[in-house]
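Worksheet for the structure shown next.
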Amino acid sequence: MSVKNNLSIAEKTTQLDTLVAWFDSDEFELEKALDMFTKAEKLAAEIEQDLATMKNSIEIVKVRFSESE
Amino acid sequence: MGEAASIRLTVSDFIALTNQTLEYAYPSIEVEGEVASFKVNQGKFVFFDLKDATGSVGCFMTLWQLRTPIEDGMKIVVTASPKLTAWGKFSLTVRVLRPSGEGSLKKSFELLRAKLEKEGLFAEERKRSLPMLPRHVAVISSTQAAGYADFIKIVNDRWGGVQIDVAHVQVQGADAPDQMIRALRYFNSQENLPDVIVIVRGGGSADDLSAFNDELLVREIATSRVPTLVGVGHEVDVSLADMAADVRAATPSNAAQLLVPDRQEYIRAVRRQVHTLLPRMEVTIERYRRDTVVRLETMFEKLSRRLDEQREKVAMLRRVLLELDPNKVLARGYALTRGEIVVGNMIEIEKKDILIKAEVRNVSKK
Numbered sequence: 038m039s040v041k042n043n044l045s046i047a048e049k050t051t052q053l054d055t056l057v058a059w060f061d062s063d064e065f066e067l068e069k070a071l072d073m074f075t076k077a078e079k080l081a082a083e084i085e086q087d088l089a090t091m092k093n094s095i096e097i098v099k100v101r102f103s104e105s106e
Numbered sequence: 374m375g376e377a378a379s380i381r382l383t384v385s386d387f388i389a390l391t392n393q394t395l396e397y398a399y400p401s402i403e404v405e406g407e408v409a410s411f412k413v414n415q416g417k418f419v420f421f422d423l424k425d426a427t428g429s430v431g432c433f434m435t436l437w438q439l440r441t442p443i444e445d446g447m448k449i450v451v452t453a454s455p456k457l458t459a460w461g462k463f464s465l466t467v468r469v470l471r472p473s474g475e476g477s478l479k480k481s482f483e484l485l486r487a488k489l490e491k492e493g494l495f496a497e498e499r500k501r502s503l504p505m506l507p508r509h510v511a512v513i514s515s516t517q518a519a520g521y522a523d524f525i526k527i528v529n530d531r532w533g534g535v536q537i538d539v540a541h542v543q544v545q546g547a548d549a550p551d552q553m554i555r556a557l558r559y560f561n562s563q564e565n566l567p568d569v570i571v572i573v574r575g576g577g578s579a580d581d582l583s584a585f586n587d588e589l590l591v592r593e594i595a596t597s598r599v600p601t602l603v604g605v606g607h608e609v610d611v612s613l614a615d616m617a618a619d620v621r622a623a624t625p626s627n628a629a630q631l632l633v634p635d636r637q638e639y640i641r642a643v644r645r646q647v648h649t650l651l652p653r654m655e656v657t658i659e660r661y662r663r664d665t666v667v668r669l670e671t672m673f674e675k676l677s678r679r680l681d682e683q684r685e686k687v688a689m690l691r692r693v694l695l696e697l698d699p700n701k702v703l704a705r706g707y708a709l710t711r712g713e714i715v716v717g718n719m720i721e722i723e724k725k726d727i728l729i730k731a732e733v734r735n736v737s738k739k
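Given below as structure tokens:
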């Protein structure tokens, strides 16, 4: 599983969940475990970085709701 | 001095002139009183009297304008225009009414709650859950209200990366329900639908919050395509809008908490998730090691058993061999004869301790 940038936090979280679940699955192989762990660690760091820097964008809708259509 | 000339009018003109005068004098008035003789005719027209200790006036409105259930004995405020009908009956044409006083507000609330509950608008099975991590949120509130500021501050503190579209509307007063309904319809008709529609308003008196008990608003919330989250007033305040929403928040701040996770908690959870992997790997390696040791032990056991079997086999063969030793036979008194048994031949006879040279004299069958 490759870790791609420009994914949303939700997508990265899903990827992380999948990586973590792999460790409990039948597909687990000791030879691959270190690589998977490194990926999970990198993904977690990316999520943390995203969360620390992301801001919300607030926009007031330019519609006058006081007037009926 | 003569009497001032009086105006002579037809009845219809008199009624029209009176209505013109009334319209000029009272384009819109609010009248407060107690409801009496409330009735709905033909499922369309609402008639009732508004009275106080000494007076009573008839009122008329259409059923679709009646957004708050009323019944006899309730104190209400009507926004109306006075009118003289073609039959000479004076009445108030009501545009909007609202319950007045705590008792009436409560009564109206209970009447509408019972009606909507019966229709299943508040049923748990209708409730949808909100997305865990919304990316596009629509907010309906007054941008000048403290409740809105609290909500936005907490959302910004807790999470990021969310597109928040805000519909600035009145959140109290007679126009508030219609404005909120228009905002709900606006967001529900967008091509790029938001993940959640949030309606927030801070605390206020029961009268201030009564807009959130408007029947049409409650129905609009209940039928919203987009899941709704409503946080109105303080924890103790319950509105019908809350009850119809997919998720009810106790306050605007609580709405923010329910809408997005806390980024610090989220980071901690992500770290925890990764940190559990190392011990998990260690456990797996230990299991592998133990499995390998068990396999080796099994292998040694099998090898050892085979060796024992071979040792036993060799020992048995040795015992057999020992039994076949010719010296042992000689020791038992037998003799070993060498040479061809032909009369006149010399042969050698070996016994345990001696060797005998002998000549064959006679050979006969037994």
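Quick note, the sequences are listed as chains A and B, same order.
Be aware that the first sequence starts at 38, since it is given in my numbering, and climbs by one per residue.
Be aware that the second sequence starts at 374, since it is given in my numbering, and climbs by one per residue.
Backbone N, C-alpha and C define an ideal beta-carbon position, used for all residues, glycine too.
Answer with yes or no whether the minimum CB distance from residue i to chain A is below 8 Å.
i, result
"residue 521 (chain B)", "no"
"residue 556 (chain B)", "yes"
"residue 631 (chain B)", "no"
"residue 669 (chain B)", "no"
"residue 508 (chain B)", "yes"
"residue 516 (chain B)", "yes"
"residue 559 (chain B)", "yes"
"residue 695 (chain B)", "no"
"residue 375 (chain B)", "Reliability fails at residue 375 (chain B), whose pLDDT of 49 lies under 50, so the model's placement of it is uncertain and no value is given."
Does residue i have its Cβ less than 8 Å from a Cβ in chain C?
i, result
"residue 552 (chain B)", "Of the chains in the structure shown, none is chain C; the protein chains are A and B."
Would you verify that the beta carbon of residue i is, or is not, closer than 8 Å to some beta carbon of chain B?
i, result
"residue 85 (chain A)", "yes"
"residue 44 (chain A)", "no"
"residue 64 (chain A)", "no"
"residue 78 (chain A)", "yes"
"residue 96 (chain A)", "yes"
"residue 92 (chain A)", "yes"
"residue 47 (chain A)", "yes"
"residue 70 (chain A)", "yes"
"residue 58 (chain A)", "no"
How should residue i be labelled, buried or exposed, when 16 other C-beta atoms within 10 angstroms of its C-beta is the threshold for buried?
i, result
"residue 735 (chain B)", "exposed"
"residue 83 (chain A)", "buried"
"residue 379 (chain B)", "exposed"
"residue 507 (chain B)", "buried"
"residue 738 (chain B)", "exposed"
"residue 74 (chain A)", "buried"
"residue 384 (chain B)", "exposed"
"residue 393 (chain B)", "exposed"
"residue 549 (chain B)", "buried"
"residue 58 (chain A)", "exposed"
"residue 613 (chain B)", "buried"
"residue 535 (chain B)", "buried"
"residue 434 (chain B)", "buried"
"residue 598 (chain B)", "exposed"
"residue 400 (chain B)", "exposed"
"residue 478 (chain B)", "buried"
"residue 437 (chain B)", "exposed"
"residue 815 (chain B)", "In the structure as shown, chain B starts at 374 and stops at 739, and residue 815 (chain B) therefore has no counterpart that could be examined."
"residue 465 (chain B)", "buried"
At a cut-off of 7 Å, is residue i close to the ligand ZN when judged by its beta-carbon and the heavy atoms of the ligand?
i, result
"residue 557 (chain B)", "Ligands displayed in this structure: none; no statement on the ligand ZN is therefore possible."
| query | Counting pairs of Cβ atoms below 8 Å between the stretch 614-627 of chain B and the stretch 573-591 of chain B, do you hit three or more? | reply | Yes, they touch.
| said: Give the list of continuous beta strand (DSSP E) stretches no shorter than 3 residues that lie fully inside the stretch 454-521 of chain B. | reply: If we require 3 residues or more, the beta strand (DSSP E) runs fully inside the stretch 454-521 of chain B come out as 463-472, 509-514.
| message | Which complete beta strand (DSSP E) runs does the stretch 54-106 of chain A hold, if anything under 3 residues is left out? | response | Counting whole runs of 3 or more residues, the stretch 54-106 of chain A contains the beta strand (DSSP E) stretches 94-97.
| query | Going along the stretch 518-548 of chain B in order, which residues come within less than 8 Å of chain A, judged by CB to CB distance? | reply | Listed in sequence order: 525, 528, 529, 532, 533, 534, 535, 536, 537, 538, 539, 540, 541, 542, 543, 548.
| query | Are three or more beta carbon pairs between the stretch 560-572 of chain B and the stretch 72-81 of chain A nearer than 8 Å? | reply | Flag = no, the stretch 560-572 of chain B and the stretch 72-81 of chain A do not touch.
| In the stretch 680-727 of chain B, which residue ranges form an unbroken beta strand (DSSP E) of at least 3 residues, counting only runs that do not cross its ends? | Correct list: 709-711, 719-723.
| message | Short of 8 Å Cβ to Cβ, which residues in the stretch 636-662 of chain B face chain A? | response | Of all residues in the stretch 636-662 of chain B, 636, 639, 640, 643, 644, 646, 647, 649, 650, 651, 653, 654, 657, 658, 661 have a Cβ within less than 8 Å of some Cβ in chain A.
| query | Using 8 Å as the threshold, is the stretch 420-429 of chain B in touch with the stretch 95-104 of chain A, meaning 3 or more CB pairs across them? | reply | Short answer: they don't touch.
| Curious, which full-length alpha helix (DSSP H) runs of at least 4 residues does the stretch 561-605 of chain B contain? | DSSP runs (the alpha helix (DSSP H)) wholly in the stretch 561-605 of chain B: 588-595.
| query | Quick one, which residues of the stretch 573-598 of chain B are near chain A if we go by CB-CB under 9 Å, in chain order? | reply | Per Cβ criterion, the list is empty.
| request: Would you list, in sequence order, the uninterrupted alpha helix (DSSP H) runs of no fewer than 4 residues that lie entirely inside the stretch 381-431 of chain B? | output: Whole alpha helix (DSSP H) segments, 4+ residues: 384-398.
| said: With a threshold of 8 Å, are at least 3 pairs of Cβ atoms found where one atom belongs to the stretch 539-548 of chain B and the other to the stretch 575-585 of chain B? | reply: Enough Cβ pairs lie closer than 8 Å, so yes.
| request: May I have a chain-ordered list of the beta strand (DSSP E) segments no shorter than 3 residues that lie completely inside the stretch 599-639 of chain B? | output: Entirely contained in the stretch 599-639 of chain B, the beta strand (DSSP E) runs reaching 3 residues are, in chain order, 601-605, 620-622.
| message | Count Cβ pairs between the stretch 446-463 of chain B and the stretch 551-560 of chain B that sit closer than 8 Å; are there 3 or more? | response | Segments in contact, no.
| query | Counting pairs of Cβ atoms below 8 Å between the stretch 509-522 of chain B and the stretch 636-644 of chain B, do you hit three or more? | reply | Because the criterion of three Cβ pairs below 8 Å is not met, the stretch 509-522 of chain B and the stretch 636-644 of chain B do not touch.
| Do the stretch 471-485 of chain B and the stretch 438-451 of chain B make contact, defined as three or more Cβ pairs closer than 8 Å? | Because the criterion of three Cβ pairs below 8 Å is met, the stretch 471-485 of chain B and the stretch 438-451 of chain B touch.
| Given 8 Å, three or more beta-carbon pairs between the stretch 673-687 of chain B and the stretch 83-94 of chain A | Judged by Cβ distances under 8 Å, the stretch 673-687 of chain B makes no contact with the stretch 83-94 of chain A, as fewer than three pairs qualify.
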